[in-house]
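Peer 1: Counting from 1 along the sequence shown, just add 13 to a position and that's the residue number in my numbering.
Beta carbons are placed, not taken as given, at the ideal position from N, Cα and C, and that holds for glycine.
Just so we're clear, the structure is a prediction, and the values are computed from it rather than from any experiment.
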Amino acid sequence: MHAKSSQKDSPPVDALTFKMHSSQKEPNKVASFSAGENKPSDFLRVFYEGFIAGGFAGVVVEAALYPIDTIKTRLQAAQGGGKIMLKGLYSGLVGNLAGVLPASAIFVGVYEPTKQKLLKSFPENLSAVAHLTAGAIGGAASSLVRVPTEVVKQRLQTGQFASAPDAVRLIVAKEGFKGLYVGYGSFLLRDLPFDAIQFCIYEQIRIGYRLAARRDLNDPENAIIGAFAGAITGAITTPLDVIKTRLMVQGSANQYKGICDCVRTIVKEEGTHALLKGIGPRVLWIGIGGSIFFGVLERTKQILAQKRPPSQNSIPFKDQL
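1) So, is R213 buried or exposed, given that buried needs 16 or more other C-beta atoms within 10 angstroms?
2) Evaluate the contact criterion for the stretch 174 to 184 versus the stretch 98 to 113: three or more CB pairs, one atom per stretch, below 8 Å.
3) Which residue spans inside the stretch 222 to 303 form an unbroken alpha helix (DSSP H) run of at least 4?
4) Within the continuous alpha helix (DSSP H) that includes L145, where are the two ends?
5) Can you tell me which of the three DSSP states Q315 falls into?
6) When the Cα atoms are used, what is the spatial distance from T322 to G71?
7) Measuring alpha carbon to alpha carbon, tell me which residue in A236, G264, K257, D204 is nearest C273.
8) Taking 8 Å as the threshold, find out whether the stretch 297 to 310 comes into contact with the stretch 254 to 269 through three or more Cβ pairs.
9) With DSSP run on the structure shown, which of helix, strand or coil describes P323?
10) Quick check on the DSSP output: the alpha helix (DSSP H) that includes Y124 runs from which residue to which?
11) Give me the residue from V73, A180, K270, F64 with the minimum Cα distance to V123.
12) Using the Cα positions of Q315 and S54, report the straight-line distance between them to the nearest angstrom.
13) Taking just the CA atoms, how far does G152 sit from I119?
14) What does the Cβ neighbour count give for H144, buried or exposed, with the cut at 16 atoms within 10 Å?
15) Hey, how far is the Cα of R228 from the Cα of R259?
16) With 16 other CB atoms within 10 Å as the buried threshold, where does V280 fall?
17) So, helix, strand or coil for Y103, using DSSP?
18) Mapping the DSSP letters down to three states, classify A175 as helix, strand or coil.
19) In or out: K270 buried (at least 16 other Cβ within 10 Å) or exposed?
20) State buried or exposed for G221, treating a residue as buried only when at least 16 other CB atoms are found within 10 Å of its CB.
21) Give a yes or no on whether the minimum CB-CB distance between V113 and chain C is below 7 Å.
22) Judging by CA-CA distance, which residue of L193, D82, L205, K133 is the nearest neighbour of K290?
23) To the nearest angstrom, how far is the alpha carbon of N231 from that of L183?
24) Alpha carbons only, please: which of A318, L317, L110, R295 is nearest the one belonging to A240?
25) For G68, does the three-state DSSP call read helix, strand or coil?
26) Based on Cα-Cα distance, which residue from A248, V113, T246, I210 lies nearest to L78?
27) Measuring straight from C-alpha to C-alpha, what distance separates P136 and M98?
28) Sort A186, Q167, A242 by Cα distance to A91 and report the nearest one.
29) Going along the chain, which residues of its own chain have a beta-carbon closer than 6 Å to the beta-carbon of S199, five neighbours each way excluded?
30) Straight-line CA distance for D204 to K320?
31) Applying the criterion that 16 or more other CB atoms from any shown protein chain within 10 Å of the CB defines a buried residue, is L57 buried or exposed?
32) So, at 6 Å on beta carbons, what are the nonlocal neighbours of G196 in its own chain, with the 5 sequence-adjacent residues on each side left out?
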């Protein structure tokens with residue numbers, strides 16, 4: 014959602030209500046209010062602000078919650094009654110941040126203008142479809158960076174390599190360049206639904222809250238909504254995350270021949286409950302992460318909005334959703 018930092022930066026509450034329930038008496042007013050929003054400069058501005066805000070939010074979350082993610086990965090990678098190491102919980106953090114920064118920046122940079130474009134194209138009662146679609150498109154765009162980052166990170170978290178440069182060099186040497194994209198299909202299977210569902214839940218709750226409260230949300234409210242959206246989505250997608258983790262950490266052993274074989278093998282050898290391994294740390298990590306990510310994201314977007322020229326601050330309410 015394109016939040017604003019003050020009432021000066023967004024239309025008054027009555028104007029928001031009027032936009033949502035415009036009468037037939039003044040159709041030209043609504044038309045003129047939305048005019049001029051398709052200029053290339055508007056697209057680039059939204060992309061730029063999303064790029065900066067997304068990159069910053071992603072780095073803050075990853076640095077703060079990396080140990081929880083490491084424990085989750087080790088739980089999911091362990092087979093049978095394997096013990097979980099609690100040493101080196103920050104293994105691979107620096108290398109991972111180098112990938113998280115551009116990946117998060119690309120995601121939000123693509124998501125924001127795509128969302129605004131779709132919201133203009135769809136009826137207001139289909140805004141959820143716009144948010145779902147924009148989340149999936151943003152996830153697909155960022156996956157080109159996120160997958161190699163995830164592969165290297167999880168190999169480091171499970172103790173296979175000592176450093177990110179060593180991991181990249183040895184993975185390419187042993188498995189070829191495609192080794193950096195191992196598990197790409199399972200990653201998309203997990204992350205496209207995850208991104209779409211999480212951002213849709215977050216955006217839809219914000220829309221309802223803003224309409225009910227008749228005002229913009231503050232930072233704690235954004236954070237609480239982000240935590241709820243993250244926790245729910247994290248729980249739903251845990252089985253997909255387990256599959257992705259197993260495929261990414263198997264290395265050149267090729268224990269699993271693909272997604273379907275991975276599921277069959279896990280269920281046969283470890284039971285159905287193994288598909289929910291790491292659900293506790295995952296829900297905790299993504300719930301807290303959602304709180305931090307969306308809180309930082311909205312605050313950064315507000316700061317960037319304050320730096321705009323006054324002529325760029327009149328954005329229709331529908332495009333802010």
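Peer 2: Per the coordinate set shown:
1) Here residue 213 corresponds to residue number 200 of the sequence shown, with the count starting at 1. Checking the displayed sequence, the identity of residue 213 turns out to be Cys instead of Arg. So C213 counts as buried.
2) Three or more pairs of CB atoms, one per stretch, sit closer than 8 Å, so the stretch 174 to 184 contacts the stretch 98 to 113.
3) Within the stretch 222 to 303, the complete alpha helix (DSSP H) runs of at least 4 residues are 232 to 249, 251 to 262, 272 to 283.
4) The sequence position of residue 145 within the sequence shown is 132, counting from 1. Where L145 is concerned, the enclosing alpha helix (DSSP H) stretches over 140 to 170.
5) The residue given as residue 315 occupies position 302 in the sequence shown. Three-state DSSP puts Q315 in a helix.
6) Position 309 of the sequence shown, counted from the start, is the residue given in the question as residue 322. Position 58 of the sequence shown, counted from the start, is the residue given in the question as residue 71. Note that residue 322 is Pro in the sequence shown, not Thr. Taking the straight line from one Cα to the other gives about 27 Å.
7) For the purposes of this step, residue 273 is taken as the residue at position 260 of the sequence shown. Among A236, G264, K257, D204, the Cα nearest to that of C273 belongs to K257.
8) Counting C-beta pairs closer than 8 Å gives fewer than three between the stretch 297 to 310 and the stretch 254 to 269, which falls short of the contact rule.
9) Taking the sequence shown and counting its residues from 1, the one referred to as residue 323 is at position 310. Here P323 sits in helix by DSSP.
10) Within the sequence shown, the letter at position 111 stands for residue 124. Per DSSP, Y124 belongs to the alpha helix (DSSP H) from 106 to 134.
11) Along the sequence shown, one-based indexing puts residue 123 at 110. Looking at the Cα atoms, F64 is the closest of the given residues.
12) Numbered from its first residue, the sequence shown carries residue 315 at position 302. Numbered from its first residue, the sequence shown carries residue 54 at position 41. Taking the straight line from one Cα to the other gives about 19 Å.
13) Position 106 of the sequence shown, counted from the first residue, corresponds to residue 119. Position 139 of the sequence shown, counted from the first residue, corresponds to residue 152. Distance between the alpha carbons of I119 and G152 is about 9 Å.
14) Locating residue 144 in the sequence shown gives position 131, counting from the first residue. Answer is buried; the Cβ neighbour count reaches 16.
15) Your numbering for residue 228 matches position 215 in the sequence shown. Your numbering for residue 259 matches position 246 in the sequence shown. Going from the Cα of R228 to the Cα of R259 covers about 45 Å.
16) In the sequence shown, counting from the first residue as 1, residue 280 sits at position 267. Result: exposed.
17) Numbered from 1 along the sequence shown, position 90 holds the residue referred to as residue 103. Reduced to three states, the DSSP call for Y103 is coil.
18) Numbered from 1 along the sequence shown, position 162 holds the residue referred to as residue 175. If DSSP states are grouped into helix, strand and coil, A175 belongs with coil.
19) Taking the first residue of the sequence shown as 1, we reach residue 270 at position 257. Exposed, by the Cβ-count rule.
20) Sequence index remark: in the sequence shown, residue 221 carries index 208 (1-based). G221 should be labelled exposed.
21) The structure shown contains no chain C, having only a single protein chain.
22) Residue 290 sits at position 277 when you count from the first residue of the sequence shown. K290 has its Cα closest to that of D82, out of L193, D82, L205, K133.
23) Translated into the one-based positions of the sequence shown, residue 231 becomes position 218. Translated into the one-based positions of the sequence shown, residue 183 becomes position 170. Near 47 Å, if we compare the C-alpha coordinates of L183 and N231.
24) Position 227 of the sequence shown, counted from the start, is the residue given in the question as residue 240. Residue R295 is the option with its Cα nearest to A240.
25) Position 55 of the sequence shown, counting from 1, holds the residue named residue 68. In the three-state reduction of the DSSP assignment, G68 falls in the helix class.
26) Residue mapping note: residue 78 aligns to position 65 of the sequence shown, counting from 1. Of A248, V113, T246, I210, the residue nearest in Cα terms is V113.
27) Numbered from 1 along the sequence shown, position 123 holds the residue referred to as residue 136. Numbered from 1 along the sequence shown, position 85 holds the residue referred to as residue 98. Straight-line Cα distance between these residues: approximately 51 Å.
28) Translated into the one-based positions of the sequence shown, residue 91 becomes position 78. Relative to the Cα of A91, the nearest Cα in the group A186, Q167, A242 belongs to Q167.
29) Counting from one through the sequence shown, the residue named residue 199 turns up at place 186. Same-chain partners within the cutoff: I256, K257, L260, I272.
30) In the sequence shown, counting from the first residue as 1, residue 204 sits at position 191. In the sequence shown, counting from the first residue as 1, residue 320 sits at position 307. Whole-angstrom Cα-Cα distance: 33 Å.
31) Sequence index remark: in the sequence shown, residue 57 carries index 44 (1-based). Flag for L57 reads exposed.
32) Sequence index remark: in the sequence shown, residue 196 carries index 183 (1-based). Cβ within range, chain order: K257, L260, M261.
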